[in-house]
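For the sequence shown, position 115 matches number 954 in my numbering, and the numbering has no gaps at all. Where is the CB? At the ideal position from N, CA and C, for every residue including glycine. Please read the structure below before turning to the comments.
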Amino acid sequence: MPCTPPATGRLWLCVARRCSCPLTPAELLHALAFTARLRARSFVVPVTLTRTAVIGRQDRLRLLDGRLRLRQRPVRLRLVAVHDGVVASSAAGPVGAVPPRHAPWVVRLLPAGLSAYAVAVTADNATPPLQTALIALAGLPDALAVAAPPLLRHTAIA
């Protein structure tokens with residue numbers, strides 16, 4: 840099983856496409872650069888959470904932001920597959936959802952050990968500002984080792 844970030848990234852791209860996610864090689868390069876910036880031990884995928892305007896989530900995002908600032912390192916989140924996607928939760932409760940374009944491959948890799956870490960809480964320019972979280976989807980080498988073989992059984996990896 841590949842263990843270097845570029846090899847893991849190529850396998851991730853193949854699995855995502857096999858799950859009908861329209862990801863591009865540019866997104867692979869973005870993920871590789873993000874992995875390097877974070878100084879992550881293995882390949883991670885950056886995702887900005889959606890559905891953060893739901894009642895209560897802005898308060899939980901403020902709490903998460905405080906925790907990130909205090910710890911000065913990523914905070915583990917829990918991912919849960921629901922009927923319409925994947926919800927990310929902190930210790931205080933749900934803070935957002937994985938974007939629909941990433942949900943199919945995330946759902947496939949969740950049982951195989953995919954994990955998520957909050958990296959930053961950001962705000963837009965609206966009034967009042969709407970916060971969201973940048974997360975790193977991690978544990979990909981191990982999750983892909985389990986999930987990729989059945990998904991790619993009849994697919995050549997370029």
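Distance CB(residue i)-CB(residue j) smaller than 9 Å
| i | j | result |
| --- | --- | --- |
| G952 | R899 | no |
| A955 | R896 | no |
| P844 | T874 | yes |
| A855 | A975 | no |
| A977 | L969 | no |
Own chain, CB closer than 6 Å to residue i, minus 5 neighbours either side, in chain order
| i | result |
| --- | --- |
| V945 | V925, V937 |
| A982 | L948, A951, G952, L953 |
| V985 | A951 |
| A959 | L973 |
Spatial neighbours of residue i in its chain, beta-carbon cut-off 7 Å, leaving aside the 5 residues before and after
| i | result |
| --- | --- |
| S859 | P943 |
| A987 | L850, V854 |
| L871 | P844, P845, G848 |
| A865 | none |
Cut-off 8 Å between Cβ atoms - residues of its own chain near residue i, not counting five sequence neighbours on either side
| i | result |
| --- | --- |
| V934 | L888, T891, R896, R899, L900, L903, L916, A927, S928, A957, A972 |
| L979 | T847, W851, S881, F882, V883, V884, L948, L953 |
| H869 | P885 |
| P861 | R940 |
8 Å contact criterion, which residue i and residue j should meet: CB distance rounded
| i | j | result |
| --- | --- | --- |
| L1019 | L852 | With the chain represented from 840 up to 997, any question about residue 1019 goes unanswered, as that position is not in the structure. |
| R906 | V893 | So it is not a contact: roughly 20 Å between Cβ atoms. |
message: Does the structure place the stretch 897 to 917 close enough to the stretch 937 to 950 that three or more beta carbon pairs sit under 8 Å?
response: no
task: Report the residue ranges of all beta strand (DSSP E) runs contained in full by the stretch 880 to 951; include only those spanning at least 3 residues, in chain order.
output: 884 to 887, 914 to 921, 924 to 929, 932 to 936
message: Taking 8 Å as the cut-off, does the stretch 878 to 892 touch the stretch 844 to 851 (at least 3 CB pairs, one atom from each stretch)?
response: yes
message: Runs of 4 residues minimum, wholly inside the stretch 843 to 869: which ones carry the alpha helix (DSSP H) assignment?
response: 844 to 857
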